[in-house]
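K.L.:
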Amino acid sequence: MRYRMKKWISLISVLALLFSLSACGQKNGDASQNEEDGLTLLATTYPVYLLASAVAEGAEGVTVERLNTGAVSCLHDYTLSVGDMKRIEGADILAINGVDLEEFMSDALAASRGTVIDCSQGIELLESLGHSHSDGDEEDDHSGHYDPHIWMDPDNAIAMAGNLCLGLSEADPSNAETYAANLDSVTAQLEDWRSTMQDTLRKAEEGGVSIPGLVTFHDGFQYFARAFDLPLLAAIEEEEGSEASAQVINETVTLVKENQIPVIFTEVNGSDATAQAIARETGCAVAQLTMLMDGPDDGELANYLDGLSANITAIVNGFAGEEVVS
Numbered sequence: 173m174r175y176r177m178k179k180w181i182s183l184i185s186v187l188a189l190l191f192s193l194s195a196c197g198q199k200n201g202d203a204s205q206n207e208e209d210g211l212t213l214l215a216t217t218y219p220v221y222l223l224a225s226a227v228a229e230g231a232e233g234v235t236v237e238r239l240n241t242g243a244v245s246c247l248h249d250y251t252l253s254v255g256d257m258k259r260i261e262g263a264d265i266l267a268i269n270g271v272d273l274e275e276f277m278s279d280a281l282a283a284s285r286g287t288v289i290d291c292s293q294g295i296e297l298l299e300s301l302g303h304s305h306s307d308g309d310e311e312d313d314h315s316g317h318y319d320p321h322i323w324m325d326p327d328n329a330i331a332m333a334g335n336l337c338l339g340l341s342e343a344d345p346s347n348a349e350t351y352a353a354n355l356d357s358v359t360a361q362l363e364d365w366r367s368t369m370q371d372t373l374r375k376a377e378e379g380g381v382s383i384p385g386l387v388t389f390h391d392g393f394q395y396f397a398r399a400f401d402l403p404l405l406a407a408i409e410e411e412e413g414s415e416a417s418a419q420v421i422n423e424t425v426t427l428v429k430e431n432q433i434p435v436i437f438t439e440v441n442g443s444d445a446t447a448q449a450i451a452r453e454t455g456c457a458v459a460q461l462t463m464l465m466d467g468p469d470d471g472e473l474a475n476y477l478d479g480l481s482a483n484i485t486a487i488v489n490g491f492a493g494e495e496v497v498s
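Counting along the sequence shown from 1, when you hit position 121 you're at 293 in our numbering, and nothing is skipped either side.
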């Protein structure tokens, strides 16, 4: 059953929880600050930063920052700097994606004095996809582990915003009304956007565009595909800077030909070596999808909506045979 959320948390429930709960998620210290000190929230990923900025908009004395992880296709490709570790240690609140995405920075998180808000709480998780690596090994089986790319489903983004609202309200009760009102706004925007994108896909199908399935060159699009009922035929994960094995290329060439796939998709910050090799063999196009690992620092929720909208546009145009940008 899909994880659905309508008005995930209201002002009344936030205020009630403030009296009934004394902690949110994992805590390494007391995040409560007086009005003069203010409150600093540090988000570990760009999607969490966008959602936290939206939930905290207009909250007096609250500053939302993000780790500047730059243009990486996966957070695991990032190495913390000394400056990053100092910022983590000094933050009042650490907003994390969860689902072990931040496992590589676990020591730094443990050293922090701040409260940790795990944005994945309560979300229905999908198992990680087993994927093929470019070193020629057999399939790297991740069964038993969960896919951390939860933000790629707008329903999950609503749940993440709800967790941020709850955590912020507990750490900063004086701004609870602001957080709750902002959550209502975020929920409405995401629900409206999702409906618009579903209409876009429906109209494309009615116009004769057939989408037999997606072939992606990153394993981070599973939640996105599920959110919009798009079949995911293959998710091929490459080692950075390397082309996949001949076996993987041959298997994918066969898959593309058998299913008459006109376009395959790379991630904007990832390698396209294998995709281009397959395109040469099959004549299919290569287009890009984003996982929103980087973007403008303005913290606008529109950056999230625009990024996923671009994915829908790339998919529709690619399967319609229109020009795509690789």
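Think of the CB as a built atom: it goes at the ideal place given N, C-alpha and C, for glycine as much as any other residue.
Just so you know, these numbers come straight off a predicted model, no measurement behind them.
Only counting the same chain, and skipping five residues up and downstream in sequence, which positions put a Cβ closer than 7 Å to that of residue 202?
P.N.:
As a first step, residue 202 is located in the sequence shown; it is residue number 30 there, counting from the start. Low local confidence applies: a pLDDT of 47 at residue 202 is under 50, so the model's placement there is unreliable, with the coordinate-based value given in what follows. Correct list: empty, nothing qualifies.
K.L.:
Report the option in 441, 387, 268 and 231 whose CA atom is closest to the CA atom of residue 293.
P.N.:
As a working note, residue 293 is residue 121 in the sequence shown. Comparing Cα positions, the closest option is 268.
K.L.:
Starting from residue 290, follow the beta strand (DSSP E) in both directions and report where the run begins and ends.
P.N.:
For the purposes of this step, residue 290 is taken as the residue at position 118 of the sequence shown. Per DSSP, residue 290 belongs to the beta strand (DSSP E) from 287–290.
K.L.:
Any idea if residue 245 is buried or exposed, counting beta-carbon neighbours within 10 angstroms, 16 or more meaning buried?
P.N.:
Counting from one through the sequence shown, the residue named residue 245 turns up at place 73. Buried is the call here.
K.L.:
For residue 435, tell me which candidate among 465, 390 and 487 has the shortest Cα-Cα distance.
P.N.:
What you label residue 435 is simply residue 263 of the sequence shown in a count that begins at 1. For residue 435, the nearest C-alpha among the options comes from 487.
K.L.:
Round the Cβ separation of residue 291 and residue 338 to the nearest angstrom and send it over; I've been treating them as touching at under 8 Å.
P.N.:
Here residue 291 corresponds to residue number 119 of the sequence shown, with the count starting at 1. Here residue 338 corresponds to residue number 166 of the sequence shown, with the count starting at 1. That pair is no contact at about 10 Å.
K.L.:
At what residue ranges does the segment 232–293 contain a whole run of the beta strand (DSSP E), taking only runs of 3 or more?
P.N.:
With a minimum length of 3 residues, the continuous beta strand (DSSP E) runs that stay inside the segment 232–293 are 234–238, 265–268 and 287–290.
K.L.:
Going by C-alpha to C-alpha distance, which of 253, 394 and 389 sits closest to residue 440?
P.N.:
In the sequence shown, residue 440 corresponds to position 268, counting from 1. Of the candidates 253, 394 and 389, the one whose C-alpha sits nearest the C-alpha of residue 440 is 389.
K.L.:
Alpha carbon to alpha carbon, what distance is there between residue 274 and residue 282?
P.N.:
To locate residue 282, count along the sequence shown from 1; it is residue 110. To locate residue 274, count along the sequence shown from 1; it is residue 102. If I take the Cα positions, the gap works out to 12 Å.
K.L.:
In angstroms with no decimal places, state the Cα-to-Cα distance between residue 485 and residue 385.
P.N.:
Taking the first residue of the sequence shown as 1, we reach residue 485 at position 313. Taking the first residue of the sequence shown as 1, we reach residue 385 at position 213. Answer to the nearest angstrom: the Cα atoms are 15 Å apart.
K.L.:
Relative to the alpha-carbon of residue 443, which residue among 458, 431, 342 and 327 has its alpha-carbon at the smallest distance?
P.N.:
Taking the sequence shown and counting its residues from 1, one reaches residue 443 at position 271. Closest by alpha carbon: 458.
K.L.:
Mind checking whether residue 233 and residue 210 have CB atoms under 8 Å apart?
P.N.:
Counting from 1 along the sequence shown, the entry for residue 233 is found at position 61. Counting from 1 along the sequence shown, the entry for residue 210 is found at position 38. It is a contact, given that the beta carbons lie within the stated cut-off.
K.L.:
Quick check on residue 460: buried or exposed, where buried means 16 or more other Cβ atoms within 10 Å of its Cβ?
P.N.:
The count along the sequence shown starts at 1 and reaches residue 460 at position 288. Looking at its Cβ environment, which holds 16 or more other Cβ atoms inside 10 Å, residue 460 is buried.
K.L.:
Buried or exposed for residue 328, going by 16 or more other Cβ atoms inside 10 Å?
P.N.:
Looking up residue 328 in the sequence shown gives position 156. Buried, by the Cβ-count rule.
K.L.:
From 395, 377 and 372, pick the residue whose C-alpha is nearest to that of residue 482; which is it?
P.N.:
Reading the sequence shown from its first residue, position 310 is the one you call residue 482. Checked all of 395, 377 and 372; the closest Cα to residue 482 is 372.
K.L.:
Can you name the start and end residues of the beta strand (DSSP E) that residue 387 belongs to?
P.N.:
As a first step, residue 387 must be located in the sequence shown, where it is residue number 215. Segment 386–388, the beta strand (DSSP E) holding residue 387.
K.L.:
Which residue from 284, 468 and 321 puts its Cα closest to that of residue 297?
P.N.:
As a working note, residue 297 is residue 125 in the sequence shown. When each option's Cα is compared against that of residue 297, the closest is 321.
K.L.:
Roughly how many angstroms lie between the CA atoms of residue 248 and residue 394, to the nearest whole one?
P.N.:
The residue given as residue 248 occupies position 76 in the sequence shown. The residue given as residue 394 occupies position 222 in the sequence shown. Roughly 18 Å between the two C-alpha positions.
K.L.:
Can you list, in chain order, the residues of its chain with a C-beta nearer than 8 Å to that of residue 400? Leave out the 5 residues immediately preceding and following it.
P.N.:
Numbered from its first residue, the sequence shown carries residue 400 at position 228. Cβ neighbours of residue 400 beyond the five flanking positions: 369, 370, 373 and 484.
K.L.:
For residue 461, write down the residues that DSSP places opposite it in a beta bridge.
P.N.:
The sequence position of residue 461 within the sequence shown is 289, counting from 1. DSSP output for residue 461 lists 439 as bridge partner(s).
K.L.:
Considering only C-alpha positions, which residue in the set 489, 359 and 433 is nearest to residue 227?
P.N.:
Working through the sequence shown from its first residue, we reach residue 227 at position 55. When only C-alpha atoms are compared, the closest one is 359.
K.L.:
DSSP state of residue 215, grouped into three classes?
P.N.:
Taking the first residue of the sequence shown as 1, we reach residue 215 at position 43. Correct three-state label for residue 215: strand.
K.L.:
Roughly how many angstroms lie between the CA atoms of residue 380 and residue 490, to the nearest whole one?
P.N.:
Here residue 380 refers to the residue found at position 208 when the sequence shown is read from its first residue. Here residue 490 refers to the residue found at position 318 when the sequence shown is read from its first residue. If I take the Cα positions, the gap works out to 13 Å.
K.L.:
With distances taken from CA atoms, which of 392, 418 and 353 is nearest residue 437?
P.N.:
Taking the first residue of the sequence shown as position 1, residue 437 is located at position 265. Checked all of 392, 418 and 353; the closest Cα to residue 437 is 392.
K.L.:
If we ignore side chains and look at the alpha-carbon of each, how far apart do residue 265 and residue 238 end up?
P.N.:
Locating residue 265 in the sequence shown gives position 93, where the first residue counts as 1. Locating residue 238 in the sequence shown gives position 66, where the first residue counts as 1. Their Cα atoms are separated by approximately 11 Å.
K.L.:
Can you tell me the Cα-Cα spacing of residue 259 and residue 331, whole angstroms?
P.N.:
For the purposes of this step, residue 259 is identified with residue 87 of the sequence shown, where counting begins at 1. For the purposes of this step, residue 331 is identified with residue 159 of the sequence shown, where counting begins at 1. Cα-Cα distance, rounded: 26 Å.
K.L.:
By a C-beta neighbour count over all protein chains shown, 10 Å radius and 16 as the cutoff for buried, is residue 207 buried or exposed?
P.N.:
Position 35 of the sequence shown, counting from 1, holds the residue named residue 207. In this prediction, residue 207 has a pLDDT of 46, which is less than 50 and means its spatial position is unreliable; nothing more can be read from the coordinates.
K.L.:
With the cut-off set at 8 Å, would you say residue 473 and residue 361 are in Cβ contact?
P.N.:
Mapped onto the sequence shown, residue 473 falls at position 301. Mapped onto the sequence shown, residue 361 falls at position 189. Yes, they are a contact pair.
K.L.:
Under the three-state reduction of DSSP, which class applies to residue 451: helix, strand or coil?
P.N.:
Position 279 of the sequence shown, counted from the first residue, corresponds to residue 451. Here residue 451 sits in helix by DSSP.
K.L.:
Just verifying my parser: in three-state terms, what is the DSSP assignment at residue 299?
P.N.:
Position 127 of the sequence shown, counted from the start, is the residue given in the question as residue 299. Three-state DSSP puts residue 299 in a strand.
K.L.:
Considering only their Cβ atoms, is the gap separating residue 433 from residue 387 smaller than 8 Å?
P.N.:
Working through the sequence shown from its first residue, we reach residue 387 at position 215. Working through the sequence shown from its first residue, we reach residue 433 at position 261. Result yes, Cβ atoms of residue 387 and residue 433 sit closer than 8 Å.
K.L.:
Count the other CB atoms, across all protein chains shown, that sit within 10 Å of the CB of residue 366; report buried if there are 16 or more and exposed otherwise.
P.N.:
Taking the first residue of the sequence shown as position 1, residue 366 is located at position 194. Burial call: buried.
K.L.:
Taking just the CA atoms, how far does residue 285 sit from residue 424?
P.N.:
The residue given as residue 424 occupies position 252 in the sequence shown. The residue given as residue 285 occupies position 113 in the sequence shown. If you take the alpha carbons of residue 424 and residue 285, they lie about 48 Å apart.
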